[in-house]
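Residue numbers (my numbering): 91 to 534.
From the three backbone atoms N, C-alpha and C, an ideal C-beta is built for every residue, glycine too.
Just so we're clear, the structure is a prediction, and the values are computed from it rather than from any experiment.
The structure under discussion appears below in the form of C-alpha cells.
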Amino acid sequence: MKAYRASLLWFAPHSEGPARALFEEDGMLVVGPNPQGVQVVQAIGAWRTVSAQYPGVAVEHWPGRIIAPGFVDLHVHFPQTNVIGSPASGLLPWLENYTFPEEKRFAAPEYSAQAATFFVAELLRNGVTTALTFATSHPESVNTLFNEAQARRLRLITGLCLMDRHAPADLLNQPSTPSGHDATEQSLRDTEALIQRWHGVDRLGYAITPRFAPTSTEAQLRGAGELAAKYPEVWIQSHVAENKDEIAWAEELFPFSRSYLATYDHFGLMRNRAIYAHCIHLDDDDRALMRSTGAAAAVSPTSNLFLGSGFFDYVGADRVGFQYGLASDVGGGTSFSPFHTMLAAYYVGRASVEGLQTKQGLSLSPQHLWWQHSAGAARAMGLEGVVGNLLPGCEADFVVLNPQATPLLARKTSIASNLDELLFSMIVLGDDRLIEKTVISQGI
Ligand code: GUN
Ligand code: ZN
91 MKAYRASLLW
101 FAPHSEGPAR
111 ALFEEDGMLV
121 VGPNPQGVQV
131 VQAIGAWRTV
141 SAQYPGVAVE
151 HWPGRIIAPG
161 FVDLHVHFPQ
171 TNVIGSPASG
181 LLPWLENYTF
191 PEEKRFAAPE
201 YSAQAATFFV
211 AELLRNGVTT
221 ALTFATSHPE
231 SVNTLFNEAQ
241 ARRLRLITGL
251 CLMDRHAPAD
261 LLNQPSTPSG
271 HDATEQSLRD
281 TEALIQRWHG
291 VDRLGYAITP
301 RFAPTSTEAQ
311 LRGAGELAAK
321 YPEVWIQSHV
331 AENKDEIAWA
341 EELFPFSRSY
351 LATYDHFGLM
361 RNRAIYAHCI
371 HLDDDDRALM
381 RSTGAAAAVS
391 PTSNLFLGSG
401 FFDYVGADRV
411 GFQYGLASDV
421 GGGTSFSPFH
431 TMLAAYYVGR
441 ASVEGLQTKQ
451 GLSLSPQHLW
461 WQHSAGAARA
471 MGLEGVVGNL
481 LPGCEADFVV
491 LNPQATPLLA
501 RKTSIASNLD
511 ELLFSMIVLG
521 DDRLIEKTVI
531 SQGI
C-alpha cells in the first residue's frame, strides 16, 4: 500500500451526470493491489479524511502538484510519428504522398522496433497511459509494438492493418507465398493468430483493424466481421466520414449501402468496443446507428483542422446520444499532447455552427474537454472503471502535473479562482512540460 499527497483531479461516476470533475486541493490517493495483484486506487479524497483511515501508510508528498488520471488516446497511428506536419490538399493525397511511403518502411522489423520504442516513450512523456493504436499491414509491426508496450506496461490496444486493395502493392496484406493469391485469407489468419497471441496478455488488447472501407474488399470486411463476432472482447477500429472525397469513394465502392458508416454495420463491424475515427460528416441516421450499436467516435480535432477535413458536430452527437472521446490521430494529427488535442477540440466546438444550435458555436467546458480525453474516452472504449479515472478500483495510472512548469503557466494558474479557470489555463497553455511524471499501475 502506498499513498500520495497532492492536489487531486478525477471524475464523478457517469451515473452521477456526465463529465463532472472532482477536485481536492489537499488530497490523498491510496494505491494498493487488488485480488489479482494489480495496483488499483484504494481510496481518494481529502487528506484530512483519508489519512485518518490509513494510519501508517507510506506517503509521498508532492506539494504544489496535481495528480490526474492518465490520459486515454482513442486513436493514434504508431507508424506515423514521422508523418506529423506533412502538408497536403486533403486526406487522400496525404495518404498517397506521405503516409503510405512511410508505412512501407515498417516491413523492416528493426525499423519498426526503434519506432515502437520512440512511440511508447513519447506517449508516456505526454501523460498517455492507454492508447488505441493502428499498426501497419506487416504482422511484425504489431509484434514490435506489443513487445514495447508490454515492457513499459502501457495499456495498449493495436492490430494488423487490414488493407487488401487500393494501396501500393507492397503495402497490401501479403499472400502466404510470394506468388500466391490468398492475401485476404492470410490477413484474416494473421489477425486471428495475433488475437490469440496478444489479446488479454498483461495490459494488452487486440483491435481488428480494417484501415477504412475503401482499402478492403468485401471479402476482407466480411471476414473481419466474422472475427469480431467470434471474439466479442476484442476491439474494432477504423476510419469513417472524415473527408468528402473519401466518402464519395466509399459510396461508389459500396453502392448497396445506405451510407459509408452503414457499410461497416453491413459487415458486422459495429458493436460495443468498435471505435471509428473522425465521424465528421454523419447524418442523424448514422448517429442513431452509432448509438444503437454501441460504437463510439474517436474525435481527432488537430488532424481534422490540419487536413482541412471538417468539424466534429458535438451538438449532433449529443442530440442523438452516441459515445465519443478524444484522439491525437498522429500523424494526421499534429501533437502527442492531450493538452493540444483538448484545445483543438475547443476550437472545433467554437466553429461548430453546422449543428445550428447556436450561430456562435459552442463553448465546450474545460471539465468536458478533459473528460473526453480521460474518463469519457475510457467509457467509449468499454473501459469505464478500469482506466481514465481515479475512483476506487481503477488501475493506478496517473500523471503528476506541475502547474508552475512555465512562467506563463505559473502566472496564469496562480490567479485561477475556480476549477474551470484552473483547468482551462492548463488546456490552453499546457504541453509535455506540464507532465512532471507519468505513473503506471504495477502488478502481475
Ligand atoms: N483514413 C485512412 N487511413 C487514414 C490515416 O492513416 N489517417 C487518417 N487521418 N485517415 C485515414
Ligand atoms: Zn487515423
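Compare the C-alpha of residue i against each of the options and name the closest.
{"i": "Leu519", "options": "Ser531, Leu491, Val529 and Phe401", "result": "Leu491"}
{"i": "Ala486", "options": "Ala109, Gly122, Leu98 and Arg95", "result": "Gly122"}
{"i": "Glu439", "options": "Gly315, Gln462, Val128 and Cys251", "result": "The question names Glu, yet the displayed sequence has Gly at residue 439. Measuring from the Cα of Gly439, the nearest candidate turns out to be Gln462."}
{"i": "Ser179", "options": "Val410, Pro482 and Asn394", "result": "Asn394"}
{"i": "Thr353", "options": "Pro391, Thr305, Trp325 and Ala273", "result": "Thr305"}
{"i": "Ile530", "options": "Ser141, Thr220, Gly127 and Asn187", "result": "Thr220"}
{"i": "Leu181", "options": "Leu246, Val330, Asp272 and Pro258", "result": "Val330"}
{"i": "Lys334", "options": "His368, Ala385 and Phe101", "result": "His368"}
{"i": "Glu115", "options": "Glu526, Asp522, Ala506 and Ile517", "result": "Ala506"}
{"i": "Leu459", "options": "Met471, Ala417, Leu481 and Pro493", "result": "Ala417"}
{"i": "Ala111", "options": "Ala318, Phe401, Ser464 and Glu308", "result": "Ser464"}
{"i": "Pro37", "options": "Ala259, Ala133 and Tyr414", "result": "The question about residue 37 has no answer, for the chain in this structure spans 91 to 534."}
{"i": "Lys194", "options": "Ile134, Ala257, Tyr144 and Met432", "result": "Ala257"}
{"i": "Ala468", "options": "Glu150, Leu164, Glu212 and Leu294", "result": "Leu164"}
{"i": "Tyr296", "options": "Gly315, Leu284, Ser266 and Ala303", "result": "Leu284"}
{"i": "Val166", "options": "Ala385, Ser427 and Arg363", "result": "Ser427"}
{"i": "Glu336", "options": "Ile326, Val324, Leu351 and Glu323", "result": "Leu351"}
{"i": "His430", "options": "Val173, Val218 and Val120", "result": "Val218"}
{"i": "Pro153", "options": "Pro145, Pro103 and Trp137", "result": "Trp137"}
{"i": "His488", "options": "Pro497, Arg155, Thr139 and Arg361", "result": "Note that residue 488 is Phe in the sequence shown here, rather than His. Checking every option, the nearest Cα to that of Phe488 belongs to Arg155."}
Enumerate in chain order the residues of its own chain whose CB-to-CB distance from residue i is below 7 Å, with the five nearest sequence positions on each side excluded.
{"i": "Lys502", "result": "Ser515 and Leu519"}
{"i": "Gln447", "result": "With a pLDDT of 48 at Gln447, under the threshold of 50, the modelled position of that residue is not reliable, and the figure given next carries that caveat. Contacts found: Val405."}
{"i": "Ala434", "result": "Pro391, Thr392 and Leu395"}
{"i": "Thr307", "result": "Asp254, Arg255 and Thr274"}
{"i": "Phe190", "result": "Ala257, Pro258 and Leu261"}
{"i": "Ala102", "result": "Arg110 and Leu112"}
{"i": "Ser347", "result": "Thr353 and His356"}
Short of 6 Å in beta carbon distance, which residues of its chain neighbour residue i, apart from the five on each side in sequence? Order them along the chain.
{"i": "Gly445", "result": "At Gly445, the pLDDT of 48 sits below 50, so the modelled position is not reliable; the number obtained from the coordinates is stated separately. Taken in chain order, the residues that qualify are Asp403, Val405 and Gly406."}
{"i": "Val291", "result": "none"}
{"i": "Phe196", "result": "Pro169, Ser202, Thr226, His228 and Ser231"}
{"i": "Phe113", "result": "Leu99 and Leu509"}
{"i": "Ala495", "result": "Arg523 and Leu524"}
{"i": "Leu213", "result": "Ala221"}
{"i": "Tyr312", "result": "This sequence places Arg at residue 312; Tyr is not what is there. For Arg312, where only same-chain residues beyond five positions count, the Cβ hits under 6 Å are Phe357."}
Assuming residue i and residue j make a contact with CB atoms under 8 Å, what is their CB distance in whole Å?
{"i": "Phe412", "j": "Arg381", "result": "4 Å"}
{"i": "Thr383", "j": "Asp408", "result": "So it is not a contact: roughly 18 Å between Cβ atoms."}
{"i": "Arg94", "j": "Ile157", "result": "Here residue 94 is Tyr; the residue named in the question, Arg, does not match the sequence. Contact flag correct, Cβ pair sits at about 6 Å."}
{"i": "Gly117", "j": "Ser141", "result": "That pair is no contact at about 10 Å."}
{"i": "Val420", "j": "Ala378", "result": "Not a contact, Cβ separation roughly 31 Å."}
{"i": "Phe224", "j": "Leu294", "result": "So it is not a contact: roughly 15 Å between Cβ atoms."}
{"i": "Pro482", "j": "Ile174", "result": "Not a contact, Cβ separation roughly 38 Å."}
{"i": "Arg301", "j": "Ser328", "result": "7 Å"}
Measuring only from the beta carbon, is residue i closer than 7 Å to any heavy atom that is part of the ligand GUN?
{"i": "Arg301", "result": "yes"}
{"i": "Asp419", "result": "yes"}
{"i": "Glu485", "result": "no"}
{"i": "Thr392", "result": "no"}
{"i": "Leu185", "result": "yes"}
{"i": "Thr503", "result": "no"}
{"i": "Glu332", "result": "yes"}
{"i": "His256", "result": "no"}
{"i": "Thr223", "result": "no"}
{"i": "Leu119", "result": "no"}
{"i": "Leu262", "result": "no"}
{"i": "Leu181", "result": "yes"}
{"i": "Thr171", "result": "no"}
Any heavy atom of the ligand ZN closer than 7 Å to the beta-carbon of residue i?
{"i": "Gly422", "result": "yes"}
{"i": "His544", "result": "The structure shown does not extend to residue 544, since the chain is modelled only from 91 through 534, so no value can be given for it."}
{"i": "His151", "result": "no"}
{"i": "His228", "result": "no"}
{"i": "Ala318", "result": "no"}
{"i": "Ala340", "result": "no"}
{"i": "Ala367", "result": "yes"}
{"i": "His167", "result": "yes"}
{"i": "His356", "result": "no"}
{"i": "His329", "result": "yes"}
Output needed for residue i: all residues of its chain with C-beta closer than 8 Å, excluding positions within five of it in sequence on either side, in chain order.
{"i": "Cys484", "result": "Val130, Val131, Pro159, Gly475, Val476, Val477 and Gly478"}
{"i": "Ala500", "result": "Pro493 and Gln494"}
Quiz item: Do the segment 200 to 214 and the segment 506 to 515 meet, that is, are 3 or more Cβ pairs less than 8 Å apart?
Solution: no
Quiz item: Would the segment 120 to 140 and the segment 183 to 194 be scored as touching if the rule is three or more Cβ pairs under 8 Å?
Solution: no
Quiz prompt | Cβ contact (3+ pairs, closer than 8 Å) linking the segment 274 to 289 and the segment 244 to 254 | solution = yes
Quiz item: Hey, is the segment 232 to 243 in contact with the segment 450 to 457, meaning 3+ C-beta pairs nearer than 8 Å?
Solution: no
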